[in-house]
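Here's the structure we're looking at; comments come further down.
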Amino acid sequence: MSILVFKGDDLLVHTTALRSVYVDAFCTPPWNEDDEKAEEFVSRLPLNVRRPGFTAALALAGSEVIGFATAWTTVAPFPNDRCYPQAAAGLGVDRTVDWLCGAREIDELAVRSSARGTGLAGELLDAVTEDAPEGRSWLLTSVASTRAMAFYRGQGWTQATHPSPDGKGIVVFLGPRHPARSLAAQPL
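The numbering of the sequence shown is the UniProt record's numbering, which starts it at 1 and goes up by one.
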(Lines of atoms letter the chains of each structure in order from A and count residues from 1; the text may use other names and numbers.)
(Lines give C-alpha, C1' and ligand atoms only; values in the text may rest on other atoms or scores of the structure.)
Protein backbone atom coordinates (compact mmCIF):
# COMPACT_ATOMS: atom_id res chain seq x y z
CA MET A 1 0.00 0.00 0.00
CA SER A 2 1.17 3.52 -0.73
CA ILE A 3 -0.13 7.00 0.01
CA LEU A 4 0.21 9.79 -2.54
CA VAL A 5 -0.23 13.45 -1.58
CA PHE A 6 -1.68 15.97 -4.02
CA LYS A 7 -1.68 19.77 -3.73
CA GLY A 8 -3.80 20.73 -6.74
CA ASP A 9 -5.85 19.70 -9.72
CA ASP A 10 -3.64 16.72 -10.60
CA LEU A 11 -5.98 14.85 -8.20
CA LEU A 12 -8.79 15.15 -10.76
CA VAL A 13 -7.43 12.31 -12.89
CA HIS A 14 -8.62 10.04 -10.05
CA THR A 15 -12.20 11.38 -9.94
CA THR A 16 -13.87 8.10 -10.95
CA ALA A 17 -11.95 6.15 -8.31
CA LEU A 18 -12.68 8.80 -5.65
CA ARG A 19 -16.39 8.57 -6.43
CA SER A 20 -16.27 4.78 -6.11
CA VAL A 21 -14.61 4.99 -2.68
CA TYR A 22 -17.05 7.72 -1.62
CA VAL A 23 -20.02 5.48 -2.51
CA ASP A 24 -18.50 2.51 -0.65
CA ALA A 25 -17.84 4.64 2.45
CA PHE A 26 -20.90 6.88 2.63
CA CYS A 27 -23.84 5.16 0.92
CA THR A 28 -24.20 2.71 3.81
CA PRO A 29 -25.19 3.19 7.47
CA PRO A 30 -24.76 5.38 9.41
CA TRP A 31 -24.33 7.93 6.60
CA ASN A 32 -26.94 6.49 4.20
CA GLU A 33 -26.09 8.94 1.45
CA ASP A 34 -27.43 8.36 -2.04
CA ASP A 35 -26.04 8.57 -5.55
CA GLU A 36 -27.00 12.25 -5.70
CA LYS A 37 -24.65 13.01 -2.76
CA ALA A 38 -21.84 11.14 -4.52
CA GLU A 39 -22.44 13.27 -7.62
CA GLU A 40 -22.40 16.44 -5.49
CA PHE A 41 -19.02 15.37 -4.08
CA VAL A 42 -17.66 14.82 -7.61
CA SER A 43 -19.07 18.13 -8.85
CA ARG A 44 -17.35 20.00 -5.95
CA LEU A 45 -13.92 18.49 -6.65
CA PRO A 46 -12.86 20.88 -9.46
CA LEU A 47 -13.64 23.82 -7.16
CA ASN A 48 -12.14 22.26 -4.06
CA VAL A 49 -8.74 21.55 -5.65
CA ARG A 50 -8.41 25.30 -6.21
CA ARG A 51 -9.07 26.26 -2.59
CA PRO A 52 -6.22 27.84 -0.64
CA GLY A 53 -4.03 25.20 0.99
CA PHE A 54 -5.75 22.30 -0.80
CA THR A 55 -4.22 18.95 0.14
CA ALA A 56 -5.40 15.45 -0.69
CA ALA A 57 -4.06 12.00 0.10
CA LEU A 58 -4.86 8.86 -1.87
CA ALA A 59 -4.24 5.36 -0.56
CA LEU A 60 -3.40 2.81 -3.23
CA ALA A 61 -3.27 -0.97 -3.06
CA GLY A 62 -1.40 -1.65 -6.28
CA SER A 63 -3.21 0.62 -8.73
CA GLU A 64 -6.58 0.55 -6.89
CA VAL A 65 -7.62 3.59 -4.84
CA ILE A 66 -8.81 2.24 -1.49
CA GLY A 67 -9.10 5.48 0.47
CA PHE A 68 -8.69 9.23 0.35
CA ALA A 69 -8.75 12.41 2.40
CA THR A 70 -9.23 15.98 1.22
CA ALA A 71 -8.49 19.19 3.12
CA TRP A 72 -7.85 22.91 2.67
CA THR A 73 -7.33 26.12 4.61
CA THR A 74 -10.50 27.55 6.11
CA VAL A 75 -10.99 31.10 4.84
CA ALA A 76 -12.04 34.22 6.69
CA PRO A 77 -14.73 35.30 6.97
CA PHE A 78 -15.90 31.89 8.13
CA PRO A 79 -18.15 30.29 5.48
CA ASN A 80 -21.91 30.20 6.01
CA ASP A 81 -22.94 27.32 3.73
CA ARG A 82 -23.14 23.55 4.26
CA CYS A 83 -22.68 22.70 8.00
CA TYR A 84 -20.55 25.73 8.84
CA PRO A 85 -23.34 27.62 10.66
CA GLN A 86 -23.73 24.72 13.10
CA ALA A 87 -20.00 24.75 13.83
CA ALA A 88 -20.01 28.50 14.39
CA ALA A 89 -23.06 28.27 16.67
CA GLY A 90 -21.35 25.60 18.77
CA LEU A 91 -18.09 27.51 19.16
CA GLY A 92 -19.23 31.13 19.17
CA VAL A 93 -17.91 33.88 16.92
CA ASP A 94 -14.54 34.52 18.59
CA ARG A 95 -13.49 30.87 18.90
CA THR A 96 -14.68 30.13 15.36
CA VAL A 97 -12.43 32.86 13.97
CA ASP A 98 -9.47 32.14 16.29
CA TRP A 99 -9.55 28.35 16.13
CA LEU A 100 -10.83 27.55 12.64
CA CYS A 101 -10.05 30.36 10.21
CA GLY A 102 -6.58 29.84 8.73
CA ALA A 103 -6.51 26.22 9.96
CA ARG A 104 -6.40 23.04 7.85
CA GLU A 105 -9.98 21.83 7.45
CA ILE A 106 -10.53 18.15 6.74
CA ASP A 107 -13.40 17.91 4.27
CA GLU A 108 -13.63 14.21 3.47
CA LEU A 109 -12.04 11.05 4.81
CA ALA A 110 -13.18 7.83 3.15
CA VAL A 111 -11.88 4.27 3.16
CA ARG A 112 -13.29 1.26 1.31
CA SER A 113 -15.12 -1.15 3.60
CA SER A 114 -12.56 -3.84 2.76
CA ALA A 115 -9.75 -1.65 4.18
CA ARG A 116 -11.42 -0.55 7.42
CA GLY A 117 -9.69 -1.43 10.65
CA THR A 118 -6.26 -1.47 9.02
CA GLY A 119 -5.02 1.92 10.25
CA LEU A 120 -5.41 3.38 6.77
CA ALA A 121 -7.83 6.15 7.80
CA GLY A 122 -5.36 7.36 10.43
CA GLU A 123 -2.54 7.40 7.88
CA LEU A 124 -4.65 9.43 5.45
CA LEU A 125 -5.61 11.88 8.19
CA ASP A 126 -1.96 12.28 9.16
CA ALA A 127 -0.96 12.81 5.52
CA VAL A 128 -3.34 15.76 5.03
CA THR A 129 -2.61 17.38 8.42
CA GLU A 130 1.15 16.88 8.53
CA ASP A 131 1.91 20.41 7.34
CA ALA A 132 -1.15 22.12 8.87
CA PRO A 133 -0.41 25.79 9.69
CA GLU A 134 0.99 25.93 13.25
CA GLY A 135 -0.44 22.42 13.78
CA ARG A 136 -3.97 23.81 13.47
CA SER A 137 -6.38 21.30 11.91
CA TRP A 138 -10.06 20.64 12.43
CA LEU A 139 -13.03 18.75 11.06
CA LEU A 140 -16.77 18.28 11.35
CA THR A 141 -18.52 14.96 11.78
CA SER A 142 -22.00 13.80 12.62
CA VAL A 143 -22.92 12.60 16.10
CA ALA A 144 -24.96 9.93 14.29
CA SER A 145 -21.72 8.03 13.66
CA THR A 146 -20.45 6.83 17.00
CA ARG A 147 -17.78 4.91 15.08
CA ALA A 148 -16.41 8.12 13.49
CA MET A 149 -16.55 9.93 16.84
CA ALA A 150 -14.60 7.11 18.53
CA PHE A 151 -12.11 6.97 15.65
CA TYR A 152 -11.25 10.68 15.89
CA ARG A 153 -10.88 10.50 19.67
CA GLY A 154 -8.62 7.47 19.23
CA GLN A 155 -6.47 9.47 16.81
CA GLY A 156 -5.95 12.14 19.49
CA TRP A 157 -8.51 14.63 18.20
CA THR A 158 -10.43 16.72 20.74
CA GLN A 159 -14.18 17.24 20.53
CA ALA A 160 -14.71 21.01 20.79
CA THR A 161 -18.50 21.28 20.48
CA HIS A 162 -21.17 19.27 22.24
CA PRO A 163 -24.60 19.30 20.63
CA SER A 164 -27.68 18.14 22.46
CA PRO A 165 -27.63 14.46 23.37
CA ASP A 166 -30.55 13.64 21.05
CA GLY A 167 -28.20 12.03 18.52
CA LYS A 168 -28.50 14.74 15.90
CA GLY A 169 -26.19 17.43 14.66
CA ILE A 170 -22.52 17.85 13.96
CA VAL A 171 -19.48 18.27 16.15
CA VAL A 172 -16.20 20.08 15.66
CA PHE A 173 -12.99 18.18 16.41
CA LEU A 174 -9.60 19.90 16.81
CA GLY A 175 -6.50 18.06 15.62
CA PRO A 176 -3.91 16.58 17.98
CA ARG A 177 -1.48 19.50 17.48
CA HIS A 178 -4.09 22.29 17.51
CA PRO A 179 -3.01 24.85 20.15
CA ALA A 180 -6.62 25.44 21.31
CA ARG A 181 -7.27 21.79 22.27
CA SER A 182 -6.85 22.50 25.98
CA LEU A 183 -9.32 25.37 25.73
CA ALA A 184 -12.16 23.27 24.30
CA ALA A 185 -15.12 22.85 26.65
CA GLN A 186 -15.54 19.32 27.91
CA PRO A 187 -19.00 17.74 28.12
CA LEU A 188 -20.89 18.00 31.39
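Where is the CB? At the ideal position from N, CA and C, for every residue including glycine. All figures in this text were calculated on a predicted structure; none of them were measured in a lab.
Can you look up residue i in the DSSP assignment and give me helix, strand or coil?
i       : result
Ala-57  : strand
Val-93  : helix
Ala-87  : helix
Asp-107 : strand
Glu-40  : helix
Gly-135 : helix
Thr-118 : coil
Thr-146 : helix
Glu-64  : strand
Buried or exposed: residue i, going by 16 or more other Cβ atoms within 10 Å of its Cβ?
i       : result
Ser-113 : exposed
Ala-104 : This sequence places Arg at residue 104; Ala is not what is there. Looking at its Cβ environment, which holds 16 or more other Cβ atoms inside 10 Å, Arg-104 is buried.
Thr-15  : exposed
Thr-55  : buried
Asp-24  : buried
Leu-47  : exposed
Within a Cβ cutoff of 7 Å, which residues of the same chain sit near residue i, ignoring the five residues on either side of it in sequence?
i       : result
Val-172 : Ala-87, Gly-90, Leu-91, Trp-138, Leu-140, Ala-160 and Thr-161
Who are the near neighbours of residue i in its chain, counting only those whose CB is closer than 8 Å to its CB and skipping five residues on each side?
i       : result
Leu-124 : Ile-3, Ala-57, Ala-59, Gly-67, Phe-68, Ala-69, Leu-109 and Val-111
Output needed for residue i: all residues of its chain with C-beta closer than 6 Å, excluding positions within five of it in sequence on either side, in chain order.
i       : result
Arg-177 : Gly-135
Cys-27  : Glu-33
Val-5   : Ala-57 and Ala-127
Ala-38  : Arg-19, Tyr-22 and Val-23
Trp-99  : Ala-180
Gly-117 : none
Assuming residue i contacts residue j under a Cβ cut-off of 8 Å, what Cβ separation, rounded to an integer in Å, is found between them?
i       : j       : result
Cys-101 : Val-75  : 7 Å
Ala-132 : Gly-175 : 7 Å
Ala-71  : Asp-107 : 6 Å
- Message: So, does the stretch 141-161 touch the stretch 54-65, judging by three or more C-beta pairs under 8 Å?
- Response: no
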